[in-house]
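The structure appears below as structure tokens.
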Amino acid sequence: MAKEASKLLRIHLNKLFQVSHDIAMGRDSELFIKVAISLFLISFIGSLMDFQTLCHTVPTFYERYEVYIDISLLLIYNRAKELYLRFQIWAHPENEKLS
0 MAKEASKLLR
10 IHLNKLFQVS
20 HDIAMGRDSE
30 LFIKVAISLF
40 LISFIGSLMD
50 FQTLCHTVPT
60 FYERYEVYID
70 ISLLLIYNRA
80 KELYLRFQIW
90 AHPENEKLS
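If you want it as structure tokens, here you go:
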């Protein structure tokens, strides 16, 4: 069980490092540009705000878009729950009726 989990973790980490290396070296041009633009936008928006402004903005933003945010968070929660159950079934195939 532990060996399988560590093997799976190693495979996924190696893939992550490979993709990160390709992005850093500019081999995947499209993804490199997306990452560069995303990091620039995060940096630019972060430079315009400080913590106090963020504390005042987030509640107002949530009040305005509460329905959309709640729906999105519910979808994310359900997807994460589904993935967790899949992992439990994969990790413990003898207990396939965990749900």
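If you count by numbering that gives the first Met the number 0, then the sequence shown holds residues 0 to 98, one letter each, in order. Glycine residues also receive a C-beta, built at the ideal position from the N, C-alpha and C atoms.
Across the structure, I22 and I41 are spaced so that their CA atoms are roughly 18 Å apart. The Cβ atoms of I70 and Y61 do not sit closer than 9 Å to each other. By the CB criterion at 9 Å, T56 and M48 fall inside the cutoff. Boundaries cannot be given for Y64, as no alpha helix (DSSP H) includes it and DSSP labels it neither H nor E. Judged by DSSP in its simplified three-state form, G45 adopts helix. Rounded to the nearest angstrom, the Cβ distance from A90 to M0 is 7 Å, consistent with a contact under 8 Å.
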